[in-house]
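Structure, rendered in structure tokens:
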């Protein structure tokens, strides 16, 4: 505030000085005043942005992420539609040539074409339906949209990357990093992961409801879609614990596993049996596949038998 007050006094003094010379240089005075007013407005806007409440900055960040997700999904769908259109067009052209070259009635050939088109349409719909279905086919009680959440007090700090900043007039003012609860969401695109520094970290998860956990699923992108051409930041060894007393009590070991980076992108692991219902689970990453700076988690799921509340 002191700096703004001093600048205001200097501006007023400069304006009065210009008014004395305005009779001799009226046009030049107006131009200088306009320039000063513009930079004063920029300075005020920048200070207002710095004073913006944390909640508004988080809202801006979430809206930016949502727009980015929607844009990527639209591009992906456009690519898939173009591929399907080309496939159907090629098959239709091939069938059309066959119907005219073969020694059959043209009318019967067109009827046969319509049947094949209908079968192809059904096949495409079936493939799209399968793509939309969940591959694991088990309820995910760590799903954010179902009510699960990450307990930040029991979770590692996020990796700080100076290259991932939002800039305003060339000044970096906000780190654009994914929050830990991104691992509880089904949107798995390159870069949509939670990163923590080094090769060891942990995340404390409050499940959507109490369950007897039976399995967990770890998901990561493949090397084929990775922008860097490798997935060395993928988790390797990890362990899972159940946590008693509202996420703050004793930890119960449920199993230790290895995510195979050359296997399928979605891998499910069976947990050892526990006799009681748990509301909280802790994921501990013990190593990654070689990245020296950080480890990146895409999606983590928890499966089990829910408590009957009836």
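Numbering (mature numbering (1 follows the signal peptide of the UniProt record, and there is no 0)), first residue to last: -17 to -1, 1 to 293.
Ideal Cβ positions, reconstructed from N, Cα and C, are used throughout, including at glycine.
Everything numeric in this text was worked out from a predicted model, so none of it was measured.
Identity of the residue in the options nearest residue i by Cα
i, options, result
"residue 194", "226, 144, 243, 278", "226"
"residue 290", "128, 212, 192", "192"
"residue 169", "187, 244, 196, 131", "131"
"residue 235", "166, 165, 263, 288", "263"
Straight-line gap, residue i to residue j (C-alpha atoms, nearest Å)
i, j, result
"residue 254", "residue 275", "29 Å"
"residue 286", "residue 199", "6 Å"
"residue 119", "residue 101", "30 Å"
"residue 266", "residue 144", "23 Å"
"residue 268", "residue 65", "40 Å"
"residue 161", "residue 177", "5 Å"
"residue 182", "residue 69", "44 Å"
"residue 186", "residue 246", "24 Å"
"residue 204", "residue 214", "8 Å"
"residue 284", "residue 67", "32 Å"
"residue 273", "residue 217", "8 Å"
"residue 190", "residue 212", "34 Å"
Reduced DSSP category for residue i - H, G, I as helix; E, B as strand; rest coil
i, result
"residue 173", "coil"
"residue 122", "coil"
"residue 132", "strand"
"residue 217", "coil"
"residue 223", "strand"
"residue 267", "strand"
"residue 184", "strand"
"residue 70", "helix"
"residue 143", "coil"
"residue 194", "strand"
Within 7 Å, strictly: CB atoms of residue i and residue j
i, j, result
"residue 278", "residue 179", "yes"
"residue 72", "residue 171", "no"
"residue 139", "residue 174", "no"
"residue 188", "residue 223", "no"
"residue 201", "residue 142", "no"
Exposure label - residue i; buried when at least 16 CB within 10 Å
i, result
"residue 256", "exposed"
"residue 244", "buried"
Near the ligand MN: residue i beta-carbon under 6 Å from a heavy atom
i, result
"residue 265", "Annotation note on the ligand MN: not contained in the displayed structure, which lists no ligands."
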